[in-house]
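Chemist:
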Amino acid sequence: MGKSKERLASFALLVAVAVICVPLMELAIRLVAPQPQSWFDLYYKPPGAKLFAIMPNLDKLIDTGDTRWHVYTDENGFRRGEAEVAPSDAPTILVLGDSFGFAYGVNYEDSFAGMIDVATGTTARVLNASVPGYGPLQYRKRLDDLLERGIVPDAVLIPVYAGNDFNDCVWNKDVKVEDGLLGGRPPGLKGWFKLNTHLYRIFSKAYHTFGKAPQQDLLLDLYRPAAWDKEFLHKAETVMGEELKAMKDTLDARGIPVFSAFIPTVESVVDAAGQKNPPVLEGLSLQVPREKYVKLVTAAGLDYVDLTPYLAESGAAANYFTWNRHFSPAGNRVAADQIMAHWKTLAPVLKGRRTQ
Numbered sequence: 010m011g012k013s014k015e016r017l018a019s020f021a022l023l024v025a026v027a028v029i030c031v032p033l034m035e036l037a038i039r040l041v042a043p044q045p046q047s048w049f050d051l052y053y054k055p056p057g058a059k060l061f062a063i064m065p066n067l068d069k070l071i072d073t074g075d076t077r078w079h080v081y082t083d084e085n086g087f088r089r090g091e092a093e094v095a096p097s098d099a100p101t102i103l104v105l106g107d108s109f110g111f112a113y114g115v116n117y118e119d120s121f122a123g124m125i126d127v128a129t130g131t132t133a134r135v136l137n138a139s140v141p142g143y144g145p146l147q148y149r150k151r152l153d154d155l156l157e158r159g160i161v162p163d164a165v166l167i168p169v170y171a172g173n174d175f176n177d178c179v180w181n182k183d184v185k186v187e188d189g190l191l192g193g194r195p196p197g198l199k200g201w202f203k204l205n206t207h208l209y210r211i212f213s214k215a216y217h218t219f220g221k222a223p224q225q226d227l228l229l230d231l232y233r234p235a236a237w238d239k240e241f242l243h244k245a246e247t248v249m250g251e252e253l254k255a256m257k258d259t260l261d262a263r264g265i266p267v268f269s270a271f272i273p274t275v276e277s278v279v280d281a282a283g284q285k286n287p288p289v290l291e292g293l294s295l296q297v298p299r300e301k302y303v304k305l306v307t308a309a310g311l312d313y314v315d316l317t318p319y320l321a322e323s324g325a326a327a328n329y330f331t332w333n334r335h336f337s338p339a340g341n342r343v344a345a346d347q348i349m350a351h352w353k354t355l356a357p358v359l360k361g362r363r364t365q
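So, in structure tokens, the structure goes:
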């Protein structure tokens with residue numbers, strides 16, 4: 010038998026083994042260790058709206074390997090705990106954020122919004138209107154929409170994440186939602202396999218548990234001072250400043266106190282702690298996004314807390330998940346404690362009145 014025929018026979022044997030073994034493995038996993046879905050199909054677009062949102066009245070388990078968590082939402086699509094903490098007539102604290110505000114990867118009780126909810130007890134009720142994928146432009150639109158609908162909070166918290174909130178000010182957010190998936194269903198055989206097989210889910214979980222998250226190239230420009238003079242980041246910085254100022258003005262006009270919290274990237278926390286980052290980050294200025302935020306939030310007249318030094322005290326490894334790079338319960342605890350410690354205008358709200 011020639012070499013080409015041997016290769017063809019080997020390939021045919023490999024295909025035959027795969028055709029037999031893959032379905033058997035899938036069946037075995039379904040029978041012995043069925044896997045919950047590992048994707049985030051919680052989105053929808055309200056009728057007539059361009060902006061996506063989180064579905065209302067959810068009760069859903071999500072397992073991505075590095076973390077397993079439950080999502081509950083109320084009739085407005087606000088994330089909440091399994092049980093309400095405060096009475097419905099308690100003063101409200103509205104949280105406007107992205108996946109960090111939503112607390113991707115942890116149960117509500119382990120999120121900084123949930124911890125603030127518990128810490129305030131019956132004196133205030135947190136309305137977590139954060140939506141993964143949003144940025145400052147969407148925070149402002151969300152605020153305007155809620156106010157128009159008569160949902161008027163007694164205080165507002167705006168967490169800003171350095172890793173993508175600047176970029177979000179420029180990126181197009183008018184995206185398709187299909188079957189709860191932002192951007193629609195993944196195409197082709199790979200997409201079908203991803204959405205329908207337990208075999209994919211178990212391998213995905215293992216990869217997320219033991220693998221290392223890839224470095225995001227778009228993130229690197231945030232650490233290059235010269236990149237902020239170019240069109241994309243220059244526009245992002247401008248829009249960020251405008252949206253922070255617009256939200257501050259809107260809330261000031263209603264006498265509603267507002268506070269912001271700066272959430273740094275993993276790399277910035279490692280740098281602030283004096284530890285070593287991967288070689289690809291050598292020579293970059295890892296505190297540039299932090300400096301830009303401080304300048305913009307100060308110009309907007311917003312009170313704020315920069316969480317960087319507090320997260321650096323215990324280190325990035327303790328405060329962020331390895332794969333999804335969001336706050337672990339420990340990171341959320343740092344955020345909740347420092348927000349409560351620095352938000353001076355919140356105290357009158359907890360006593361049932363606003364600071365004018």
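Residue numbers are given in the numbering used here: position 8 of the sequence shown equals residue 17, and the series is strictly consecutive.
In this text, a Cβ means the ideal position worked out from N, Cα and C, and glycines have one as well.
These numbers come from a predicted model, not from an experiment.
Look at the Cβ atom of Ile63, then the Cβ atom of Leu105, and state whether they are nearer than 8 Å.
Modeler: In the sequence shown, residue 63 corresponds to position 54, counting from 1. In the sequence shown, residue 105 corresponds to position 96, counting from 1. Contact: no.
Chemist: Exposed or buried, Asp163, counting other C-beta atoms within 10 Å across all chains shown (16 or more means buried)?
Modeler: For the purposes of this step, residue 163 is identified with residue 154 of the sequence shown, where counting begins at 1. The residue is buried, with at least 16 neighbouring Cβ atoms inside 10 Å.
Chemist: Is Glu252 helix, strand or coil by DSSP?
Modeler: Numbered from its first residue, the sequence shown carries residue 252 at position 243. Note: Glu252 maps to helix in three-state DSSP.
Chemist: Would you mind stating whether Met249 and Pro338 have Cβ atoms separated by less than 8 Å?
Modeler: Residue numbering aside, residue 249 sits at position 240 when the sequence shown is read from its first letter. Residue numbering aside, residue 338 sits at position 329 when the sequence shown is read from its first letter. Contact: no.
Chemist: Go to Tyr319, then tell me how far its alpha helix (DSSP H) extends in each direction, as first and last residue.
Modeler: Along the sequence shown, one-based indexing puts residue 319 at 310. Thr317 to Ser323 is the extent of the alpha helix (DSSP H) around Tyr319.
Chemist: Have a look at Asn66, Ala245, Tyr148 and Met124 and flag the residue whose alpha-carbon is nearest the alpha-carbon of Phe175.
Modeler: As a working mapping, residue 175 is identified with position 166 in the sequence shown. Measuring from the Cα of Phe175, the nearest candidate turns out to be Ala245.
Chemist: Is it buried or exposed, Ser97, if we count other Cβ atoms within 10 angstroms and call 16 or more buried?
Modeler: Here the question's residue 97 lines up with position 88 in the sequence shown. The residue in question, Ser97, is exposed, as its Cβ has fewer than 16 Cβ neighbours within 10 Å.
Chemist: For the region 115-178, list the beta strand (DSSP E) runs that are entirely contained and at least 3 residues long, ordered along the chain.
Modeler: 134-137 and 164-170
Chemist: Identify whether Ser108 lies in helix, strand or coil by the three-state DSSP scheme.
Modeler: Here residue 108 refers to the residue found at position 99 of the sequence shown. Here Ser108 sits in helix by DSSP.
Chemist: If you run the structure through DSSP and keep just helix, strand and coil, what is Ser294?
Modeler: Here the question's residue 294 lines up with position 285 in the sequence shown. Note: Ser294 maps to coil in three-state DSSP.
Chemist: Is the region 172-188 close to the region 142-161, with three or more CB pairs under 8 Å?
Modeler: These segments touch.
Chemist: Mapping DSSP to helix, strand and coil, what is Lys285?
Modeler: Within the sequence shown, numbered from 1, the residue matching residue 285 stands at position 276. Correct three-state label for Lys285: coil.
Chemist: Tell me, please, whether the region 135-143 touches the region 101-117 by the rule of three or more beta-carbon pairs shorter than 8 Å.
Modeler: yes
Chemist: Spatial neighbours of Glu93 within its chain, please: C-beta separation below 8 Å, excluding the five flanking residues on both sides.
Modeler: Within the sequence shown, numbered from 1, the residue matching residue 93 stands at position 84. Taking Glu93 as the centre and dropping the five residues before and after it, the same chain places the C-beta of Arg134 closer than 8 Å to its C-beta, in chain order.
Chemist: Examine the Cβ distances between the region 272-292 and the region 149-161 and report whether three or more of them are shorter than 8 Å.
Modeler: no
Chemist: Quick one: measure Cβ to Cβ for Phe109 and Ile272, integer angstroms, because I've assumed they're closer than 8 Å.
Modeler: Against the sequence shown, residue 109 aligns to sequence position 100. Against the sequence shown, residue 272 aligns to sequence position 263. Indeed they touch by this definition, with Cβ atoms about 5 Å apart.
Chemist: Would you report the Cα separation of Thr331 and Glu157, rounded to the nearest angstrom?
Modeler: As a first step, residue 331 is located in the sequence shown; it is residue number 322 there, counting from the start. As a first step, residue 157 is located in the sequence shown; it is residue number 148 there, counting from the start. Those two C-alpha atoms are separated by around 40 Å.
Chemist: Given Glu84, which residues of its chain have a CB within under 8 Å of its CB, disregarding the five upstream and five downstream residues?
Modeler: Here residue 84 is taken as the residue at index 75 of the sequence shown, counted from 1. Cβ within range, chain order: Pro65 and Asn66.
Chemist: Check each candidate in Pro56, Gly57, Asp50 and Thr76 and name the one with the smallest Cα separation from Asp68.
Modeler: For the purposes of this step, residue 68 is taken as residue 59 along the sequence shown, with counting starting at 1. Nearest option by C-alpha distance: Asp50.
Chemist: Could you tell me the distance, in whole angstroms, from the CA atom of Val267 to the CA atom of Leu260?
Modeler: For the purposes of this step, residue 267 is taken as residue 258 along the sequence shown, with counting starting at 1. For the purposes of this step, residue 260 is taken as residue 251 along the sequence shown, with counting starting at 1. Taking the straight line from one Cα to the other gives about 7 Å.
Chemist: Hey, quick one: how far does the beta strand (DSSP E) through Asp68 stretch, first residue to last?
Modeler: Within the sequence shown, numbered from 1, the residue matching residue 68 stands at position 59. Unbroken beta strand (DSSP E) run through Asp68: Asp68 to Asp72.
Chemist: Can you tell me whether Arg89 is buried or exposed, with buried defined as 16 or more other CB within 10 angstroms of its CB?
Modeler: If you number the sequence shown from 1, residue 89 lands on position 80. So Arg89 ends up on the buried side.
Chemist: Can you tell me which of the three DSSP states Asp98 falls into?
Modeler: Taking the first residue of the sequence shown as position 1, residue 98 is located at position 89. Of the three classes helix, strand and coil, the one that applies to Asp98 here is coil, per DSSP.
Chemist: For Phe61, which three-state DSSP category applies?
Modeler: Translated into the one-based positions of the sequence shown, residue 61 becomes position 52. Coil at Phe61, not helix or strand.
Chemist: Quick check: what's the CA-CA separation for Arg263 versus Thr354?
Modeler: The residue you call residue 263 lines up with position 254 of the sequence shown. The residue you call residue 354 lines up with position 345 of the sequence shown. Near 15 Å, if we compare the C-alpha coordinates of Thr354 and Arg263.
Chemist: Can you give me the C-alpha to C-alpha distance between Phe241 and Asp315, rounded to a whole angstrom?
Modeler: Position 232 of the sequence shown, counted from the first residue, corresponds to residue 241. Position 306 of the sequence shown, counted from the first residue, corresponds to residue 315. Roughly 25 Å separates the two Cα atoms.
Chemist: With distance defined between alpha-carbon atoms, name the residue in Ala171, Gln296, Thr132 and Thr274 nearest to Ala95.
Modeler: As a first step, residue 95 is located in the sequence shown; it is residue number 86 there, counting from the start. Considering only alpha carbons, the answer is Thr132.
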